[in-house]
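Undergrad: As you go down the protein sequences, you meet chains A and B in turn.
Going by my numbering, the first residue of the first sequence is number 6, and it counts up by one from there.
Going by my numbering, the first residue of the second sequence is number 6, and it counts up by one from there.
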Amino acid sequence: MRNAIFLVKNGIGFGHIRRALLIAEAILRAGQLRPIVISQASSLALYRNTPVRVINFPLLHRVPSAITEDLYTDLLNRLLDRLDPAVVIEDTYPDARYRRLPSLADRPRLLVMRRLDGLSFDQIRQRGDFAHYDQILIAQDRDAFRQEGHSGDSLAAVESSGRFTFVGNIAHTPTDEEVAAARSVYAVGGAPLVVVNGGAGGDQMPDGYGDRLFTACQTIAARLATEGHPARFVLVTGPYYAGRPLHDTANVTVRRYEPRLPALLAAADVAVIKPGNNALSEALSGTGQLVLVPDVSFMEGLDEHAHRIAAQFGGVVGAPDRDSLEPLIRDALGRGPRMATLAPSTTSVDAVVRAIHHHARTAGAPEIRPKLLLLILKPPDSIEPDKLRAQLPESLQNAAVLDRHQVGGVVSDSDSPSALTAVVDVDPSAMPPQEAVDKGVRLLIQTTPSPAVERWLRGRPPLPALLVTSAELVNACPGSPDVAQRRITRLLRSTATTVVLLDLRALPEPAVADYLATLGDWLASQPLHLVGMNAILAEQATRLLMGGLR
Amino acid sequence: MNDRLRADAVEPETTTVRTFAVRRDDDDLNTFADTIIELLEHDGVLVDLSRHDRRADLIELRVSTSEPRIQT
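1) May I ask you to list the residues that DSSP assigns as paired with R67 of chain B?
2) Would you tell me roughly how many angstroms separate the C-alpha atoms of D146 of chain A and A489 of chain A, rounded to the nearest one?
3) Apart from the five residues just before and just after P422 of chain A, which ones in its own chain have a Cβ nearer than 8 Å to its Cβ?
4) Might you give, ordered along the chain, the residues of its own chain that have their beta carbon closer than 6 Å to the beta carbon of G306 of chain A, omitting 5 neighbours on each side?
5) Just the Cα atoms here: how many angstroms apart are T500 of chain A and Q396 of chain A?
6) To the nearest angstrom, report how far apart I388 of chain A and A481 of chain A are at their CA atoms.
7) By a C-beta neighbour count over all protein chains shown, 10 Å radius and 16 as the cutoff for buried, is H47 of chain B buried or exposed?
8) Using a Cβ-Cβ cutoff of less than 6 Å, which residues in the same chain neighbour M6 of chain B once the five nearest sequence positions on both sides are dropped?
9) Under 7 Å between beta-carbons, which chain A residues line up against A61 of chain B? List them in chain order, please.
10) Assuming L38 of chain A and A365 of chain A make a contact with CB atoms under 8 Å, what is their CB distance in whole Å?
11) Which term fits H252 of chain A, buried or exposed, when burial requires 16 or more other beta carbons within 10 angstroms of its beta carbon?
12) Tell me, please, whether the region 498-514 of chain A touches the region 453-473 of chain A by the rule of three or more beta-carbon pairs shorter than 8 Å.
13) Counting only C-beta atoms, is D79 of chain A closer than 8 Å to chain B at any point?
14) Roughly how many angstroms separate the alpha carbons of A404 of chain A and F150 of chain A, rounded to a whole number?
15) Tell me where the alpha helix (DSSP H) around F126 of chain A begins and ends.
16) Which class does T474 of chain A belong to by DSSP, given the choice of helix, strand or coil?
17) Select from A:Y103, A:L27, A:G157 the residue whose C-alpha is nearest the C-alpha of F126 of chain A.
18) Listed in chain order, which residues of the region 50-64 of chain A have Cβ atoms closer than 9 Å to some Cβ of chain B?
19) Would a check of beta-carbon distances place L66 of chain B closer than 8 Å to chain A?
20) When you compare only the Cα positions, how much space is there between E95 of chain A and V42 of chain A?
21) Is it a yes or a no for the region 187-199 of chain A touching the region 164-176 of chain A, going by three-plus beta-carbon pairs under 8 Å?
22) If you compare alpha carbons, which of A:E331, A:G320, A:V239 is closest to I225 of chain A?
23) Applying the criterion that 16 or more other CB atoms from any shown protein chain within 10 Å of the CB defines a buried residue, is M344 of chain A buried or exposed?
24) Do we get a CB-CB distance below 8 Å when we pair E43 of chain B with the residues of chain A?
25) Looking at chain A, is there any beta carbon in it that lies within less than 8 Å of the beta carbon of V22 of chain B?
26) To the nearest angstrom, how far is it from the Cα of P437 of chain A to the Cα of D443 of chain A?
27) For S530 of chain A, does the count of other Cβ atoms within 10 angstroms reach 16, so buried, or fall short, so exposed?
28) Taking one C-beta from the region 50-67 of chain A and one from the region 51-65 of chain B each time, how about it: are there three or more such pairs within less than 8 Å?
29) If you run the structure through DSSP and keep just helix, strand and coil, what is L295 of chain A?
30) Starting from T351 of chain A and walking both ways along the alpha helix (DSSP H), at which residues does that stretch end?
31) In whole angstroms, what is the alpha-carbon distance linking I493 of chain A and T170 of chain A?
32) Report yes if the CB atom of V298 of chain A is closer than 8 Å to the CB atom of I314 of chain A, and no otherwise.
33) Quick one: which unbroken alpha helix (DSSP H) runs of 4-plus residues sit fully inside the region 131-176 of chain A? Chain order, please.
34) Starting from A38 of chain B, find everything on chain A with Cβ-Cβ shorter than 8 Å and list it in chain order.
35) For F19 of chain A, which of helix, strand or coil comes out of DSSP?
36) Quick check on P422 of chain A: does DSSP put it in helix, strand or coil?
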């Protein structure tokens, strides 16, 4: 059985490894591939009960000897070479160390990516780090992704490159039985349950976040106890917690690690959490009131995210100190259950498993892509676009026909389910860019560079960005389709993809059918594919992943 | 060893299979890698390479032993 290798590292948290294990265990159950998790982590706690094979390295960038760091990297390379993976799966942050390993060159590679803030996503994209993956599986739904404040270029790249797939949130959803069991253990006698968690307990910055959060909550619990309040607190610090010692009291239970944390968070009446992806998903699956305490985050924009979540699902945002948290926790304890919950995604892990299987299967038979041609026909004035489209020979069925009746001249893919269109030689005065995008336009095709169009786009950049490509204008000569043939040949001699606007207006109407039949027969005999607008759009969007600015 | 959290009860128990001396010529990395691959033949094995001495000159190869790891 071939191996599916998960490359994952966790610095201060557990999220990447938890996500990798959820997927790896699903791969194991499917039985087609042997999953192996190769991690960099300081704690092995998450691996106690998984049936998945694991090789754990230290965090390589923290190894105190450069020689040993190199040796570890060499060892990793030799292990991967021996394991001969059918597919490699990484999590969220593209890692240059993995990219440079000779043993991983030309392997099918997938990136499973939980939410990132818009600026961070842009930085990764502009570095070209997404370009190394065959598919990027975003663990969000499309609407949630759009709320992150991504740039127009990033939205265009995600929407149109064909590399990205929205699979929905990936997190463990506890069963009702697990939730009930967690309550019976920690909410003795039906006492209100306050669960406090800051992820795996590590601090992103040396600001004592964990120390301040848990010490504040222990103090608040003590004050409530002296008032006779029945609330019970469970402080799950995480194994990386390095703050002041915490201790059990009459109404406080301290756990360094709690494997039932998802159920515990779902069981809480009040969840006081750092809103990382896993803890937040688990808390949102329950009905407890949320007190979100964002920490300095790495590429997650937790402050903004916490406020968005509080607005969407209900809850409050606080700081990790007693003055901030005490009134928020007291108020939350006085409220009933939160009404808005996060529905569990039952399909997200399945979608990732299908993608892994797909790329593992196709690994052995790559195909060299033929040259691509988008041929846009500009009809003679005497022939309506629909009539010309109806009389196209079989060999030109994929050619586009310019619809001159629409503003700017619109090209659309007849078989495109998304009804996206391109505009040829757009008139900037016709409408603002965002209006064009809202009408479904995604691509501007220009036969000549237009400073006016550039100003139009830069002045009011739309979301997603409108992508621009150039087209070669060819005037059809009566009786001489070889002119167009020679031009197409010349264009595709040096490029893999080209766009040709073939102006048929000089042809007498009776000659059009013969002209197109001759051209179509010739194109069918050439090593190229006639493609629709979406293929060109994908080409342009993929450029946004290559590290260069447009 | 490099991680003071090792002694905490949340960590699975592991035992040393062998060590690898980074600065010694007679320790062969290919043999070391082969040993790890052999360990992976066992279902659900946890191989830990994260322990090393203070200067990271000596790497430990450890496997989990005492935990009843779930089998499928």
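For glycine and all other residues, C-beta sits at the position ideal for the given N, C-alpha and C.
Computed from a prediction, not measured in an experiment: that's the story for all the values here.
TA: Put simply:
1) When DSSP reads this structure, R67 of chain B sits in a beta bridge with B:T21, B:D53.
2) 45 Å
3) Confidence is the limiting factor: at P422 of chain A the pLDDT is only 48, short of 50, which leaves the residue's position unreliable and the question unanswerable from this model.
4) D122
5) Roughly 30 Å separates the two Cα atoms.
6) Just so you know, the alpha carbons of I388 of chain A and A481 of chain A end up roughly 15 Å apart.
7) exposed
8) Bear in mind that the predicted position of M6 of chain B carries a pLDDT of just 39, short of 50, making it unreliable; the figure below should be weighed with that in mind. Within the same chain, Cβ atoms closer than 6 Å to the Cβ of M6 of chain B are found at R56, the five residues on either side in sequence being excluded.
9) Within 7 Å Cβ-Cβ: V68, P69, S70, T73.
10) 6 Å
11) exposed
12) Touching, no.
13) yes
14) 34 Å
15) 123-131
16) strand
17) Closest option to F126 of chain A, Cα to Cα, is A:G157.
18) A50, Y52, R53, N54, T55, P56, V57, R58, V59, I60, N61, F62, P63, L64
19) For L66 of chain B, no Cβ of chain A is located within less than 8 Å of the residue's own Cβ.
20) 10 Å
21) no
22) A:E331
23) exposed
24) no
25) no
26) 10 Å
27) exposed
28) Below 8 Å, enough C-beta pairs join the region 50-67 of chain A and the region 51-65 of chain B to call them touching: three or more.
29) It is a strand residue.
30) From DSSP, T351 of chain A is part of no alpha helix (DSSP H); its letter is neither H nor E.
31) I493 of chain A and T170 of chain A: Cα-Cα distance of roughly 34 Å.
32) No. Outside cutoff.
33) 147-151, 157-165
34) Neighbours of A38 of chain B on chain A, chain order: L80, R83, L84, R87.
35) coil
36) A caution first: P422 of chain A carries a pLDDT of 48, below 50, which makes its placement in the model unreliable, though a value can still be read off. Of the three classes helix, strand and coil, the one that applies to P422 of chain A here is coil, per DSSP.
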